[in-house]
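In the working numbering, the protein residues as written are 40 to 95.
Structure, as structure tokens:
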């Protein structure tokens, strides 16, 4: 299954927001969107990996 446009836009917006910030190491997409069985009304599950310095 192909990713739906509104899910891709949400992913792109979040990636753009964190891409150039060195405190954040990774953006991981999970759930039904990542597995390819998302419905029109599915949400997008994100995990943001931050560096240790964010918590200091």
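Note that the Cβ used here is the ideal one computed from N, Cα and C, for glycine as well.
Only a predicted model underlies this, so the values are computations on that prediction, with no experimental measurement involved.
Review point. Roughly how many angstroms lie between the CA atoms of residue 44 and residue 63, to the nearest whole one?
Key: Residue 44 sits at position 5 when you count from the first residue of the chain shown. Residue 63 sits at position 24 when you count from the first residue of the chain shown. Here the alpha carbon of residue 44 sits roughly 25 Å from the alpha carbon of residue 63.
Exercise for review: Kindly indicate which three-state DSSP category residue 84 falls into: helix, strand or coil?
Suggested key: The residue given as residue 84 occupies position 45 in the chain shown. DSSP, read as helix, strand or coil, puts residue 84 in strand.
Exercise for review: Using only alpha-carbon positions, find the residue among 71, 85, 92 that is nearest to residue 51.
Suggested key: Locating residue 51 in the chain shown gives position 12, counting from the first residue. Closest in C-alpha terms to residue 51, from the list 71, 85, 92, comes 85.
Point to revise | Cα-Cα separation, residue 48 to residue 68 | key: By 1-based counting over the chain shown, the position of residue 48 is 9. By 1-based counting over the chain shown, the position of residue 68 is 29. Using only the alpha carbons, I get a separation of about 13 Å.
Check your understanding: From what residue to what residue does the alpha helix (DSSP H) around residue 48 run?
Key -> In the chain shown, residue 48 corresponds to position 9, counting from 1. Segment 44-57, the alpha helix (DSSP H) holding residue 48.
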